[in-house]
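For reference, the structure is listed below as structure tokens.
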Amino acid sequence: MAEPGRVPGLDLDNVGRASWWQRGLFASQSAYVSLALVAVVIGMSLASQNFLTAGNISNVAQNFSFIAIATLGITLVIITGGIDLSVGSVMCFAAIISAMTMTALSDGSIAPWLITTVDGKPAAAVPGLIVALSILAGLAVSLVIGLANGFAIARLGLSPFVTTLGMLSIVRGLCYVVTNGRGSFPSGPDADLFYAITAGRVGPLPMSFVYLVGLAIVMAIVLHHTAWGRHVFALGGNEKAAELTGVPVGRVKIQVYVLSALAAGLNGIIVSGWLGSAPANMANSYELNIIAAAVIGGANLAGGIGGPLGAIVGCILLEVIRNGLVLAQVSSYWQQTLVGCIIVLAVLVDRLRTRGP
Amino acid sequence: MALLELSGISKSFGPIKALSDVDFAVGRGEIVGLMGDNGAGKSTMVKLIAGNFPPSAGRIVLDGEAVQFHRPVEAREKGIEVVYQDLAICNNLSAAANVFLGRELKRRVGPFRFLDHRAMTRRAAELFADLKSETRPGDLVHKMSGGQRQAVAIARTRLAAAKIVLMDEPTAAISIRQVSEVLDLIRRLRDQGIAVILISHRMPDVFSVCDRVVVLRRGRKVADKPIAHSTPEEVTALITGAKETA
Ligand SMILES: Nc1ncnc2c1ncn2[C@@H]1O[C@H](COP(=O)(O)OP(=O)(O)OP(=O)(O)O)[C@@H](O)[C@H]1O
Ligand SMILES: [Mg+2]
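Chains A and B, in that order, give the protein sequences.
Numbering-wise (the UniProt record's numbering), the first sequence opens with residue 1 and increments by one.
Numbering-wise (the UniProt record's numbering), the second sequence opens with residue 1 and increments by one.
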């Protein structure tokens, strides 16, 4: 069998091998951002005694998972050449709906048969069912929002930027409407279980980190080893060509916006477990951090490039730098400025590298 | 009976009449050269046949059956393969991925279906070798030369058993050696009974492979005759309008 990538009898003697830094894994922004991350981590551990302590590492792992699952979702959208500005609002709304559902199911105001009384205290009739239904409710509203985004963009032909900017505002408004501006709290007999599966730990690992790794692995396999994944890339590369060659362009577009909303919703529900509440201003302006993380990790806003590894590395880099600045007692006002510089720097280095000799 | 028959076809884009009342037919195993100046309506004709958009008026009959395509895939399912003028290629994908775009080869693993990278690479390599093209299946199209990109677009038409292959300037960017490979391929298609519509601005190509030449001028058909009864000079005159009709 011919070696993949080589045509039998056709060795191109004028085609040499690319330099190692322009080849394979190294040929991506994700790769050198990973290298930059390693360098930053080494630098910080030398600069601060407190950086590489178990407590701080776990802290970083917890904090970057705050936005990482949503970043995986938005990366899909960005690969198709779109953008989703509504992710921050969706995080909040999913968390609120899930907390409100849990409260309503627990005080018996809906489906009272889910609650029984044990030793004079209310208890779940079926352990875990209230949690499952609450989380599903949060994900269901995310799904609806994602469908609305996808439909407006793929079927009505609206621009992704404007559509999701509108959705950002609509959904944030709904967060205030349904809570009267107060927010809500996951409570009731199943609340402990809810906290365990959102803010708990598996051994030393935060739950959110476990979910993140699982989802990232699935996403990597789907993107690179299924026809659907290939179509996602094709959309970002040349939408017209994808259409002409029979890729179901509209359907794939709707699907990525739905997945982005679902990822944001799940992320929001997890964050509410960690915070212990879902205030109506939760995850306010997170869309900026989420997009920044995706872009730093190598997702190209022009479409066609990106992946889960880059998304995660982008999130970690943002968080490590933020954490480092805190440890170094730099004013939090500077953090925002620095994040901006890093975004531009990451994209600039990519530009220089691909243009290089 | 003609394999494909267009009658009274018109297509307007707003005020522009890209095609007006064109009749056109191709038979099995026939190679028709479609010529005309820039903007004459050649690509519009290809896109109508390929299902990119419906005609404003007129009928398309394929294999004795009136057809109305709403999407390009529907035309492809009926055996119409196309090399588009802009090639319809994704720069961020490999050559093999582009060849198989929209009809990827898959492998079943339990309930899932995964891409069969190895089979697609192998098949793409064979197709490129057939075209004598120095195109490596694993390379990103982004880095390829114009000719290699064209090979990718042409290789695509060989994936399924086609009835008609439409080629919109398939030789525009390629070397003399590869032009003759593409012309050979067109002849081989004809020998298999496949009809080919070749759009080209290159007189020698049209006169060496085509059985018939059709000339469009400003959206109207001004000539439709066997190549043996015409000359490059006459066709040139028809294209420019120096000669009104033939
Ligand atoms: N999608 C479109 N929308 C509006 N006008 C169009 C569209 N496609 C083609 N036209 C117009 O229709 C006319 C015919 O265009 P067409 O692309 O068919 O020309 P052509 O014969 O292929 O020319 P060339 O040799 O330059 O490829 C032109 O005037 C063009 O501007
Ligand atoms: Mg044209």
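Beta carbons are placed, not taken as given, at the ideal position from N, Cα and C, and that holds for glycine.
For this session: Starting from A/Ile305, find everything on chain B with Cβ-Cβ shorter than 7 Å and list it in chain order.
Result: Here residue 305 of chain A is taken as the residue at index 305 of the first sequence, counted from 1. Neighbours of A/Ile305 on chain B, chain order: Asn92.
Exercise. How is B/Phe114 classed by DSSP in three states: helix, strand or coil?
Worked result: On the second sequence, residue 114 of chain B is found 114 positions in, with the first residue counted as 1. B/Phe114 sits in a strand when the DSSP states are folded into three classes.
For this session: Within the same chain, show all residues whose beta-carbon is closer than 6 Å to that of B/Pro137, passing over the 5 residues directly before and after it, in chain order.
Result: Residue mapping note: residue 137 of chain B aligns to position 137 of the second sequence, counting from 1. So the qualifying residues of the chain are Ala95, Ala96, Thr121, Ala124 and Ala125.
Exercise. In terms of residue numbering, what span does the alpha helix (DSSP H) encompassing A/Val320 cover?
Worked result: On the first sequence, residue 320 of chain A is found 320 positions in, with the first residue counted as 1. Judged by DSSP secondary structure, A/Val320 falls within the alpha helix (DSSP H) whose first and last residues are Pro308 to Leu327.
Problem set entry | beta-carbon B/Gln85 near ligand 2 non-hydrogen atom, thresh 8 Å | Locating residue 85 of chain B in the second sequence gives position 85, where the first residue counts as 1. Within the cutoff, so yes.
Exercise. Using 9 Å as the limit for Cβ to Cβ distance, is A/Gly9 near chain B?
Worked result: Reading the first sequence from its first residue, position 9 is the one you call residue 9 of chain A. Caution is warranted here: a pLDDT of 38 is assigned to A/Gly9, below 50, making its placement in the model unreliable, and the coordinate value is therefore given only provisionally. Closer than 9 Å: yes.
Exercise. According to DSSP, is A/Met282 helix, strand or coil?
Worked result: Counting from 1 along the first sequence, the entry for residue 282 of chain A is found at position 282. In this structure, A/Met282 counts as coil in the three-state DSSP scheme.
For this session: State the DSSP-derived secondary structure class of B/Lys106, mapped to helix, strand or coil.
Result: Counted from its first residue, the second sequence places residue 106 of chain B at position 106. Per DSSP, reduced to three states, the secondary structure at B/Lys106 is strand.
Exercise. What's the call for residue 403 of chain A, buried or exposed, on a 16-neighbour Cβ count within 10 Å?
Worked result: Given a span of 1 to 357 for chain A in the structure shown, any question on residue 403 of chain A remains unanswerable.
For this session: Using the Cα positions of A/Ile130 and A/Leu114, report the straight-line distance between them to the nearest angstrom.
Result: In the first sequence, the residue the question calls residue 130 of chain A occupies position 130. In the first sequence, the residue the question calls residue 114 of chain A occupies position 114. Going from the Cα of A/Ile130 to the Cα of A/Leu114 covers about 7 Å.
For this session: Could you tell me the distance, in whole angstroms, from the CA atom of B/Gly110 to the CA atom of A/Met219?
Result: Here the question's residue 110 of chain B lines up with position 110 in the second sequence. Here the question's residue 219 of chain A lines up with position 219 in the first sequence. Going by the C-alpha atoms only, they are around 18 Å apart.
For this session: Look up A/Ala124 in the DSSP assignment and give the residues it is bridged to.
Result: Residue mapping note: residue 124 of chain A aligns to position 124 of the first sequence, counting from 1. Looking at the DSSP assignment, A/Ala124 forms a beta bridge with A/Ile115.
Exercise. Of all the beta strand (DSSP E) runs that stay within the bounds of the region 181 to 232 of chain B, which reach a length of 3 or more residues?
Worked result: 195 to 199, 212 to 217 and 220 to 226
For this session: Determine the chain B residues that contact A/Gly246 at a beta-carbon separation under 7 Å, and present them in chain order.
Result: What you label residue 246 of chain A is simply residue 246 of the first sequence in a count that begins at 1. Within chain B, the residues near A/Gly246 are Pro72, Val73, Arg76, Gly102 and Arg103.
Exercise. Would B/Met1 be called buried (16 or more neighbouring beta carbons within 10 Å of its own) or exposed?
Worked result: Counted from its first residue, the second sequence places residue 1 of chain B at position 1. B/Met1 is exposed by the Cβ-count criterion.
Exercise. How would you call A/Asp84, buried or exposed, if buried means at least 16 neighbouring beta carbons within 10 angstroms?
Worked result: Within the first sequence, the letter at position 84 stands for residue 84 of chain A. Buried is the call here.
For this session: Could you pull out every residue in the same chain whose Cβ sits closer than 8 Å to the Cβ of A/Leu352, ignoring the five residues on either side in sequence?
Result: Taking the first sequence and counting its residues from 1, the one referred to as residue 352 of chain A is at position 352. Correct list: empty, nothing qualifies.
Exercise. So is A/Gly236 buried or exposed if we call it buried at 16+ other beta carbons inside 10 Å?
Worked result: By 1-based counting over the first sequence, the position of residue 236 of chain A is 236. Flag for A/Gly236 reads buried.
For this session: Report the three-state DSSP secondary structure of B/Pro55 (helix, strand or coil).
Result: Here residue 55 of chain B is taken as the residue at index 55 of the second sequence, counted from 1. The answer is coil: DSSP assigns B/Pro55 none of H, G, I, E or B.
Problem set entry | Three-state secondary structure assigned by DSSP to residue 272 of chain B | Limits of chain B in this structure are 1 at one end and 246 at the other, which puts residue 272 of chain B out of reach.
Exercise. With 16 other CB atoms within 10 Å as the buried threshold, where does A/Arg182 fall?
Worked result: For this step, residue 182 of chain A is matched to residue 182 along the first sequence. Exposed: under 16 other Cβ atoms inside 10 Å.
For this session: Run the CB neighbour count on A/Cys341, radius 10 Å, all protein chains shown included, and call it buried at 16 or more, exposed below.
Result: Within the first sequence, numbered from 1, the residue matching residue 341 of chain A stands at position 341. Under this definition A/Cys341 is an exposed residue.
For this session: Take A/Val60 as the anchor and find which of A/Ser98, A/Pro204, A/Gly73 and A/Ser86 has the nearest alpha-carbon.
Result: By 1-based counting over the first sequence, the position of residue 60 of chain A is 60. It is A/Pro204.
Exercise. When you compare each of A/Leu215, A/Thr198 and A/Glu243 to A/Ser208 by their alpha carbons, which one comes out closest?
Worked result: Start at 1 with the first residue of the first sequence, and residue 208 of chain A comes out as number 208. Comparing Cα positions, the closest option is A/Thr198.
For this session: State the Cα-Cα distance for the pair B/Arg28 and B/Gly64, rounded to the nearest angstrom.
Result: Numbered from its first residue, the second sequence carries residue 28 of chain B at position 28. Numbered from its first residue, the second sequence carries residue 64 of chain B at position 64. Straight-line Cα distance between these residues: approximately 12 Å.
Problem set entry | Nearest-angstrom Cα separation, counted from B/Arg177 out to A/Met91 | Mapped onto the first sequence, residue 91 of chain A falls at position 91. Mapped onto the second sequence, residue 177 of chain B falls at position 177. Answer to the nearest angstrom: the Cα atoms are 59 Å apart.
Exercise. By the criterion of Cβ-Cβ separation under 7 Å, what are the contact partners of B/Leu115 in chain A?
Worked result: Residue numbering aside, residue 115 of chain B sits at position 115 when the second sequence is read from its first letter. Within chain A, the residues near B/Leu115 are His225, Thr226, Ala227 and Arg230.
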